[in-house]
Amino acid sequence: MIRILIADDHAILRAGLKHLLSDYPDITVAGEASNGQEVLVKVRSEVWDVLVLDMTMPGKSGIELIKQLKQIAPSLPILILSMHKEDVYAVRALKAGAAGYLCKDNAEEQLVTALRKVAAGGLYINAAVAEKIAAGMLHGNLLDAAPHTRLSDREYQVFQLLVAGSNVTDIAQNLNLSIKTVSTHKTHIHEKLDCANVAELIHYAIRHDLVSGKGE
4 MIRILIADDH
14 AILRAGLKHL
24 LSDYPDITVA
34 GEASNGQEVL
44 VKVRSEVWDV
54 LVLDMTMPGK
64 SGIELIKQLK
74 QIAPSLPILI
84 LSMHKEDVYA
94 VRALKAGAAG
104 YLCKDNAEEQ
114 LVTALRKVAA
124 GGLYINAAVA
134 EKIAAGMLHG
144 NLLDAAPHTR
154 LSDREYQVFQ
164 LLVAGSNVTD
174 IAQNLNLSIK
184 TVSTHKTHIH
194 EKLDCANVAE
204 LIHYAIRHDL
214 VSGKGE
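For the sequence shown, our numbering assigns the number 4 to the initial residue and increments by one for each residue that follows.
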């Protein structure tokens, strides 16, 4: 039996996943979480076979949460279930320690296969992501990739918050960083993306389909 913990801030989606998985006797949804803090508490207090994790939830989420979870439970397979296209976030998630990445649009057709594969110790990715891995992107060979793939995880997090409308002060409070540190990240982001101001960052994000709407 594969014990699943589902972490997503939308109750309707969690209910839908539970209903979908109820048809499979080898899989049981044994727990739920609606934010990053709940995920951390449940992972610390119980043993799970797979964590199904949304990339964007209230509080700590995304790459930062994946890294912390892998410190707490290194052997726990994490399957990312995200609204974002695989080619946007998957490589970053895998680098952080995730065992698989699945777009919510494909969940109904692929979720069970993905769960069984990562529970067995495998890696679940689509063909586009596999090509990037084969090209060496997971090892930092980003010279031929889109400019945003060259951002560090923290820079990417700041970038997402900037294009979502947050200012430097808000971001500093949100991420528990100094204003000076956030300003430095912002400068690096402008340089790496060749954008002169936030408006250009927003246009860049829209052009590359990177707008999450939640400031991941």
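C-beta atoms are modelled at their ideal positions from N, C-alpha and C, and glycine is treated no differently.
The model shown is predicted, which means the values in this text are computed figures rather than measured ones.
In summary, R17 is buried, with 16 or more beta-carbon neighbours lying within 10 Å of its beta-carbon over all protein chains present. At the C-beta level, L164 and A117 stay beyond 7 Å of one another.
Scanning A99, I75, E35 for the CA closest to the CA of I9 turns up E35. The Cβ atoms of K120 and G100 do not sit closer than 7 Å to each other. Nearest neighbour of V214 by Cα position, chosen from S186, H87, R6, turns out to be H87. Bounds of the alpha helix (DSSP H) holding R210 are 201-210.
Looking at the DSSP output, A36 shares a beta bridge with A10. Taking one beta carbon from each stretch, the segment 173-191 and the segment 53-63 have fewer than 3 pairs nearer than 8 Å; the two do not touch. The beta carbon of Y207 sits closer than 6 Å to those of L196, C198, all from its chain and outside the five residues before and after it, given in chain order. Counting only runs of 4 or more residues that sit fully inside the segment 49-135, the alpha helix (DSSP H) segments are 65-75, 89-99, 110-122, in chain order.
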